[in-house]
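What follows is a single structure, written as structure tokens, with notes after it.
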Ligand code: ADP
Ligand code: ZN
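Numbering (the numbering used here), first residue to last: 55 to 705.
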């Protein structure tokens, strides 16, 4: 029988393969509307992408619709499509990765409760006003604010956002480390006169739902959040802000593996709105994009209260007396003086735990995780040894090589440094790392305690290196950076440089003069020299020249294929065949490897990687497609291929 009056629609579904399916309906639907549809034996929620012709095949009916007014915009759908194309992943997988099932099925949420707070306005400097005005007039551009730590970038973002909001637009403000937002949200509240809506995956579900739905419906005009906030479908988006655009945390590792900054730029160009990126230590990519004329550069080389940048000194640990192998005498002396004067200090190292490695006393072999090819870290407070890759805790250990059960530890993590400092400066030490400040609340109360000067010496990891503002901190000591400099990764120099400049920027942020000591066994490393002299131009010159000569991004496009399986031999064999298929069938790319990954085993899966490089994005995409097809044919059992375009972590 002829089905009269039926209409046909394509819907995007959050599924791992494919993504677009056709359904029929007696009613009418609009692009961006959320619908529940049958898929196999399941019912699933998707988004209408468009009305279409009656297909050849029999199709099933849309079961119900969630929205009278579409929640998603056509431009949002275009964004997801382009994201999927760029990263060579199925569009269904992209949708699944950027919007959780819960939010996709959200019908109602509490209204946003606008908590009014006293307004704390400040008078912007001329530089700040000028940049905000340029952003307002250069409507469709990409802006990079390159301003030293504490130069007042945040105030520019807020001013630019206010101007957009005043004209009826919405502002999305993305920050890398959501755990640092308590300080920031309070400041924003002061400027706006109310507590701004926040969106990230670690907050409670009810507030997250409220933030999502009220922004999507255009009831709120500002949203601050982590990566995931970019994908909240704004109703009338007017500006996207990406703070600390250089942050490695902007790279998402789970599928789809995307880079937040790049996606913000893509989304803004689809929307025809400005994107504002800012950093004290821009990524090499962004500096390159400025040179290529793709981003407009705004410089903020000074601090508003004219606080001077700190003096930086490199300490060669091979040539000076070290106390307990942890802290050099000059740094110790300066630390005592700081404490005596009632000022504060931050001691930074990028290793948490007590000792950084554990060895067998008898045969000297390092003690490794049973599931991963990495050494264990000892945590004294919990009295366990843990694997930083799979999280397994070991309470009783013996040497896998000789069976010996007398073990010894080596190296100092934050726990040991804090313990040692406590013995020298009793009652004055506070430690902050992801082990003891594992939740936003715990971190925030630890930071508050330091702010209130309940401690004078803060020992911490990356968590304390960035974004924080403590006026009484006059001394920063970097105890461990060498392991980072030595990492076999083409971005190792850049990361070390950024981290050192950022952590140095914690010292002397107001009237008091700041001092920074960097302890190292490699004092001649050029990166340390650039940090010491504060010559950023020279650093970027050096870094970009090096990348160009070696054919690394941003001069070449790159992708990493990672094949994983329990069986090492099968893994290597599959990788070889995939590499061969690429070499035989895809042109215009160079294929490096396959090679065993630096960390060959994680959670009992072996990992073999292939690196692809190309000057052309299209050629790289074809190579990835070739690899996918070849892998589908030869994979066995639970073997997986992970495709990572523009990879950031190569271990
Ligand atoms: P950045 O984001 O570049 O690190 P911030 O915007 O956090 O810099 O500013 C650093 C400090 O200077 C903050 O305490 C901020 O309140 C203050 N500040 C910024 N702009 C001004 C201004 N125009 N007048 C007074 N203080 C300012
Ligand atoms: Zn492990």
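All C-beta atoms in this analysis are idealised placements derived from N, C-alpha and C, irrespective of residue type, glycine included.
Query: Could you name the residues of the same chain whose beta carbon sits closer than 8 angstroms to that of residue 84, not counting the 5 residues immediately before and after it, in chain order?; Result: 102 and 124
Query: Report the rounded CA-to-CA distance for residue 539 versus residue 118, giving the unit in angstroms.; Result: 56 angstroms
Query: Regarding residue 312 and ligand 2, is the C-beta to nearest heavy atom distance less than 6 angstroms?; Result: no
Query: Does the distance between the C-beta of residue 183 and the nearest non-hydrogen atom of ligand 1 fall short of 6 angstroms?; Result: no
Query: Any heavy atom of ligand 2 closer than 6 angstroms to the CB of residue 425?; Result: yes
Query: According to DSSP, which residues form a beta bridge with residue 399?; Result: 511 and 529
Query: If we count the other Cβ atoms within 10 Å of its Cβ and call it buried at 16 or more, is residue 111 buried or exposed?; Result: exposed
Query: Let me check understanding here. Comparing Cα to Cα, which of 616, 665, 451 and 385 lies closest to residue 637?; Result: 665
Query: Following the continuous alpha helix (DSSP H) through residue 672, name the residue where it begins and the one where it ends.; Result: 671 to 688
Query: Could you pull out every unbroken alpha helix (DSSP H) segment of at least 4 residues lying fully inside the segment 606 to 652, listed in chain order?; Result: 622 to 639
Query: With a cut-off of 8 angstroms, do at least 3 Cβ pairs link the segment 358 to 375 to the segment 237 to 246?; Result: no
Query: Can you look up residue 55 in the DSSP assignment and give me helix, strand or coil?; Result: Bear in mind that the predicted position of residue 55 carries a pLDDT of just 45, short of 50, making it too unreliable to give a figure here.
Query: Short of 6 angstroms in beta carbon distance, which residues of its chain neighbour residue 611, apart from the five on each side in sequence? Order them along the chain.; Result: 668, 671 and 674
Query: Check whether the Cβ atoms of residue 203 and residue 338 lie closer than 7 angstroms to each other.; Result: no
Query: Give the secondary structure of residue 203 by DSSP, where H, G and I count as helix, E and B as strand, and everything else as coil.; Result: coil
Query: Indicate, with yes or no, if ligand 2 has a heavy atom lying under 6 angstroms from the CB of residue 142.; Result: no
Query: Our contact map puts residue 405 next to residue 467 with C-beta atoms below 8 angstroms; I'd like the distance itself, whole angstroms only.; Result: 4 angstroms
Query: Would DSSP call residue 537 helix, strand or coil?; Result: helix
Query: So what does DSSP say about residue 365, is it helix, strand or coil?; Result: strand
Query: Ligand 3 and residue 231: does the residue's C-beta get closer than 6 angstroms to at least one heavy atom of that ligand?; Result: As presented, the structure is devoid of ligand 3, carrying ligand 1 and ligand 2 as its sole ligands.
Query: Roughly how far, in whole angstroms, is the beta-carbon of residue 451 from the beta-carbon of residue 421, given that I think they are within contact range, below 8 angstroms?; Result: 6 angstroms
Query: Does residue 236 come out as helix, strand or coil in the three-state DSSP assignment?; Result: helix
Query: With H, G and I counted as helix, E and B as strand and the rest as coil, what does DSSP make of residue 317?; Result: helix
Query: Count the other C-beta atoms from every protein chain shown that fall within 10 angstroms of the C-beta of residue 549, then say buried if there are 16 or more, exposed otherwise.; Result: buried
Query: DSSP three-state label for residue 433, please.; Result: strand
Query: For residue 78, report the span of its beta strand (DSSP E) as first-last.; Result: 74 to 79
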